[in-house]
Each structure stands twice: as C-alpha cells, then as structure tokens.
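**Student:** Attaching a single structure in structure tokens format; questions to follow.
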Amino acid sequence: MAATKILARTKASEVRRLQPDKTIVFTNGCFDILHTGHVRYLAQAKKLGDLLVVGLNSDASVRELKGEGRPLNSQEDRAEVMAALEAVDYVIIFEEKRVDSLLREVHPEVYAKGGDYTVDSLDQGEVAVLQEIGAKIHILPLVRGKSTTQLMEAIRK
104 MAATKILART KASEVRRLQP DKTIVFTNGC FDILHTGHVR YLAQAKKLGD LLVVGLNSDA
164 SVRELKGEGR PLNSQEDRAE VMAALEAVDY VIIFEEKRVD SLLREVHPEV YAKGGDYTVD
224 SLDQGEVAVL QEIGAKIHIL PLVRGKSTTQ LMEAIRK
C-alpha cells in the first residue's frame with residue numbers, strides 16, 4: 104500500500120489531472136527522523152483538504168540544506184515511512200532546494216507549513232508561485248518540545 108503512495112517526480116502533475124475536483128494540500132520538508140510533532144502536523148494539514156501531498160527533500164538537497172552527516176535516513180526510507188502514515192496520500196521526492204516547480208506541477212489549493220515558519224520567513228520565490236497559482240498558505244501550530252534537532256541532541260547524550 105505505502106509503495107503506491109510514492110510517486111515518481113515525473114508523475115507530480117498527474118495528482119491534479121487525475122483528481123481535478125479534490126482540494127489538494129501540499130507540504131514539504133526533510134522529515135529525517137519522523138516524530139510525533141511531524142505526525143500531528145501532517146494530520147492537521149490533511150484536515151485542510153481532501154488529499155495531502157508531501158514533497159520530500161532528496162538526500163542531496165537535505166545535505167545542501169542541513170550539512171554533512173544528514174540525512175540520517177535515506178530518501179527511500181523516509182519516503183516509505185511517510186507513505187505509511189494515514190494522513191499522507193502521496194509522497195514525491197524532489198532534488199531542488201526549493202519547491203517552486205513542484206508547486207506548479209501539483210497545483211495545490213492549500214500550502215501548509217509548521218509553526219516554526221511565518222509567511223514572512225517562507226522562501227519568497229515559493230510564496231510568489233503560491234500567489235500565482237492561487238494557493239492559500241496555512242501556518243499550523245508548532246508542537247512544542249518535538250523536533251528532529253532535539254531528538255538528535257538527546258541521542259548524542
């Protein structure tokens with residue numbers, strides 16, 4: 104089941120084409136060590152529409168964003184775990200640091216990010232694409248005390 108939820112990057116536009124009447128919610132991230140904060144956030148994001156599509160940073164883009172030694176889990180493993188979540192309908196691995204082109208292809212009605220972001224702190228190129236396609240931006244509440252960084256620090260101790 105989970106494997107059918109993982110779409111090749113080249114199939115991204117098919118989500119919209121095959122389900123034109125559905126409200127698509129899109130979010131993205133590294134999701135290196137999945138934790139309850141992620142699970143709660145994704146469940147909240149799913150409630151904003153009919154389908155939740157997760158853009159998952161590739162291993163190379165995670166390294167570029169987070170530095171050497173990351174990710175801890177491979178993109179294949181992260182995608183499989185993400186796809187196993189009930190709230191997630193599709194997972195698409197992307198190579199770029201930004202999701203501009205993926206947003207254009209998926210064409211969501213809603214873009215969700217966690218409370219560690221504000222509209223002003225979002226990548227302004229991505230915000231411009233969201234405005235261009237008419238997507239609403241939702242910043243969801245942060246789950247306090249739950250972060251990958253905190254987990255990594257606890258493991259190191």
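Under this note's numbering, the first residue of the sequence shown carries the number 104, and numbering increases by one thereafter.
Cβ atoms here follow ideal geometry from the backbone N, Cα and C, with glycine treated the same way.
At which residue ranges does the region 107-178 contain complete beta strand (DSSP E) runs of 3 or more residues, listed in the order of the chain?
**Tutor:** The qualifying runs are 127-132 and 154-160.
**Student:** By alpha-carbon positions, which one of Val-142, Met-185 and Glu-212 ends up nearest to Pro-123?
**Tutor:** Of Val-142, Met-185 and Glu-212, the residue nearest in Cα terms is Glu-212.
**Student:** Terminal residues of the continuous alpha helix (DSSP H) containing Gly-228?
**Tutor:** Segment 227-236, the alpha helix (DSSP H) holding Gly-228.
**Student:** So, is Ala-115 buried or exposed, given that buried needs 16 or more other C-beta atoms within 10 angstroms?
**Tutor:** Counting Cβ neighbours within 10 Å, Ala-115 comes out buried, since at least 16 surround it.
**Student:** Examine the Cβ distances between the region 142-151 and the region 163-176 and report whether three or more of them are shorter than 8 Å.
**Tutor:** Counting Cβ pairs under 8 Å, fewer than three are found: no touch.
**Student:** Check this for me: beta carbons of Ile-127 and Val-194, under 9 Å apart or not?
**Tutor:** No.
**Student:** Buried or exposed: Arg-120, going by 16 or more other Cβ atoms within 10 Å of its Cβ?
**Tutor:** Exposed.
**Student:** Are the beta-carbon atoms of Val-157 and Met-185 separated by less than 9 Å?
**Tutor:** Yes, they are a contact pair.
**Student:** Determine the contact status of Ala-187 and Ala-148, defining contact as a CB-CB distance below 9 Å.
**Tutor:** Going by C-beta atoms, Ala-187 is not nearer than 9 Å to Ala-148.
**Student:** Out of Val-246, Val-209 and Ala-111, which has the shortest C-alpha to C-alpha gap to Thr-130?
**Tutor:** Measuring from the Cα of Thr-130, the nearest candidate turns out to be Val-209.
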